[in-house]
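In this note's numbering, the protein residues as written are 1 to 717. Note that beta-carbon positions come from the ideal geometry of N, C-alpha and C, so glycine has one too. Here the structure is laid out as structure tokens; the discussion comes afterwards.
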């Protein structure tokens, strides 16, 4: 080996040792830096004409493991999703409270049942009436609070989605910029590990917000996609945007994806994890189901109490009964079967007139004066006949139906009582005459509280012109595949339009929901329902329809929207007339077989209070609501299941969070074992490189001394 080769070998060894010391020092300095991946130096021999001439530093690379990094991204995404759900659902469950706690809405409901039991002892007690009404008001106040809390949590989740989208945009912008820096550095032959570590830390942070996969590029840098395949970082960063809607029961938009490129898409179907995925699930599935279940409970409780209260009567009987908002028109078919009885009393409570309504025969039979009044099968015709019959009584009364509400009144201090016939009770869509029209409701709502409306496909549609139903259709992956609008114009706005015509328009292919689902009127209840076809989900996004002068929309009448169903939790309350005058609380049960001139309701009668208390344990059919399936059970068990399901949802989410956190920790530890810095190893490398540096220096020194000797020998000659 020539002396020149020896010098070059020594110099290359010095450079390699210096680079090794620098790499080891950098690793040691960042041993506790989160997300730091240690760097390693790669060496290769230098040759000159087949002979060794030193060592070359061919590269400084990060000890990154792509597969462990991907596992870590998956684990962090699952952890972020589960933590977001657990946090929000735990607070929702806290709002519901412990079903066994006295301070929860369930405790208030128990106090109401207890107050009814106390009222049985002395039904004439004003104080006990006040206690019963107050307990029921407090129960609904608690339901309102829980319903409001759930809507606030939905709004919070939506707001956090907007904030997370902004954070994702910032992170992918920074990752994209580092791609350019890494590629430029690599092309210049410099060490790009610093920029790569910074980029890796950003991807780690991104993986907790949205589920991602990173693919390394040959020229340096990465492409980043969601696990669903949406490209977040390619040649340029994707452009994301989202506008939250914090209005209660409001519809939510979608996360826009590259809208500025003319290819607007919804990113949500491509998100399967991360905090964003968890927030989307809790906003669109978990909390709405809780809200639906709570609204179903609020409506079912009120409906069960109203059923009993409409067969009860106060003592003395009240002089006016104002019904609920039915959403019906006077031209609608009456569609009742069976019999009902309307009794009119004088100011002393003596029975003065008994009107037996036979809906099957279409007659109203009076006894004092004796007369028969015929009516056709429409609500308007029936109301006219009932008004005529009541007007002939002494004291005289009246009946009216306007704006979807029926009212019965008696003048001169008289009273009015409505009750089912004992042998052939009346029924429309499963509810008796007084119960269906809500003539003596204890609980009320400004819009329909139940949706079994009894309409027929041949009934007039009655929708005012200009309204519109807007639907959105998604496929099984959550992608928006179509929108449909049914406008109330032309034939649908004509007086001759029927509910059957609306069903036909909804089911039309191309212009309606045909192919995506189907609409139909239930022949037993009259409720309009829309069923999804396999692989699709139809959502009602907007409803501006109004039926006549009722102010009621198609969705409110049939329960097609969350506003119609879940909003019952914040809108159903004790009838304002009863809340203002507890004397209107009907705790007696009139004997409709009483002779004309005798007392209709005995003072101190507690049979009505007993019937109200018995409603707690009486089995009844509850329709499906949110995560609560349709079931035949009692109010007590239904309330317990509601509280239990709210608790189960929260506890399951917490278990998922705990489990995913453990998995994320294990994945991070395993990755750190491979990619992290071991101080012992680095200090050992530092020693090796220092010794190598000293050895290389000695080689150079020896070569220098040899050269000096040779030079001296040459001078001597």
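Buried/exposed call for residue i, threshold 16 Cβ in 10 Å
| i | result |
| --- | --- |
| residue 426 | buried |
| residue 509 | exposed |
| residue 275 | buried |
| residue 78 | buried |
| residue 270 | buried |
| residue 717 | Because residue 717 carries a pLDDT of 48, less than 50, the predicted location of this residue cannot be relied on, and the following value inherits that uncertainty. So residue 717 counts as exposed. |
| residue 490 | exposed |
| residue 285 | exposed |
| residue 545 | buried |
| residue 308 | buried |
| residue 67 | exposed |
| residue 302 | buried |
| residue 281 | buried |
| residue 237 | buried |
| residue 121 | exposed |
Residues near residue i by beta carbon distance below 6 Å, same chain, minus five either side
| i | result |
| --- | --- |
| residue 93 | 646, 647, 650 |
| residue 736 | There is simply no residue 736 to check, as the chain begins at 1 and stops at 717 in what is shown. |
| residue 518 | 507, 531 |
Within 8 Å, strictly: CB atoms of residue i and residue j
| i | j | result |
| --- | --- | --- |
| residue 273 | residue 200 | no |
| residue 541 | residue 627 | no |
| residue 612 | residue 305 | yes |
| residue 675 | residue 87 | no |
| residue 655 | residue 634 | no |
| residue 118 | residue 128 | yes |
| residue 434 | residue 575 | no |
| residue 583 | residue 312 | no |
| residue 410 | residue 319 | yes |
| residue 245 | residue 252 | yes |
| residue 476 | residue 521 | no |
| residue 21 | residue 679 | no |
| residue 596 | residue 324 | no |
| residue 133 | residue 579 | yes |
| residue 404 | residue 511 | no |
| residue 374 | residue 385 | yes |
| residue 557 | residue 547 | yes |
| residue 37 | residue 63 | yes |
| residue 639 | residue 297 | yes |
| residue 58 | residue 44 | yes |
| residue 397 | residue 344 | yes |
| residue 565 | residue 250 | no |
| residue 147 | residue 570 | yes |
| residue 357 | residue 340 | yes |
| residue 53 | residue 19 | no |
| residue 165 | residue 240 | yes |
| residue 192 | residue 182 | yes |
| residue 287 | residue 598 | no |
| residue 242 | residue 161 | yes |
Beta-carbon proximity list for residue i, same chain, < 8 Å, skipping 5 on both sides
| i | result |
| --- | --- |
| residue 222 | 175, 179, 199, 203, 214, 215, 216, 233 |
| residue 278 | 80, 81, 82, 83, 84, 85 |
| residue 643 | 96, 97, 98, 99, 104, 106 |
| residue 15 | 57 |
Proximity test, residue i beta-carbon vs the ligand MN heavy atom, cut-off 7 Å
| i | result |
| --- | --- |
| residue 390 | You won't find the ligand MN in this model; it holds no ligand whatsoever. |
Cβ-based neighbour list, residue i, same chain, cut-off 7 Å, excluding 5 preceding and 5 following
| i | result |
| --- | --- |
| residue 17 | 689, 692, 693, 696 |
| residue 550 | 325, 327, 403, 404 |
| residue 543 | 469, 553, 554, 555, 561 |
Short CB-CB distance (under 8 Å) between residue i and chain B
| i | result |
| --- | --- |
| residue 193 | No chain B appears in the structure shown, which is made up of a single protein chain. |
Please specify which runs of the beta strand (DSSP E), each continuous and at least 3 residues long, are wholly inside the stretch 308-355, giving them in chain order. 320-322, 339-345
Validate contact between the stretch 522-532 and the stretch 439-458 using beta carbons, cut 8 Å, 3 pairs: yes
Between the stretch 326-340 and the stretch 665-674, do at least 3 Cβ pairs fall closer than 8 Å? no
With three or more C-beta pairs closer than 8 Å as the rule, is the stretch 360-367 touching the stretch 440-447? no
Starting from the N-terminal side, write out each stretch of the alpha helix (DSSP H) that is 4 residues or longer and does not extend beyond the stretch 483-533. 499-507
What residue ranges within the stretch 357-395 form continuous beta strand (DSSP E) runs of no fewer than 3 residues, ordered along the chain? 363-367, 370-374
Three or more C-beta pairs below 8 Å linking the stretch 135-149 and the stretch 106-114: yes
What are the uninterrupted segments assigned as alpha helix (DSSP H) that are 4 or more residues long and contained completely in the stretch 605-680, given in chain order? 607-614, 635-675
Suppose only complete runs of 4+ residues qualify. What are the alpha helix (DSSP H) ranges in the stretch 230-312, listed by chain order? 274-281, 287-309
Which full runs of the alpha helix (DSSP H) of 4+ residues lie inside the stretch 86-133, going along the chain? 105-121
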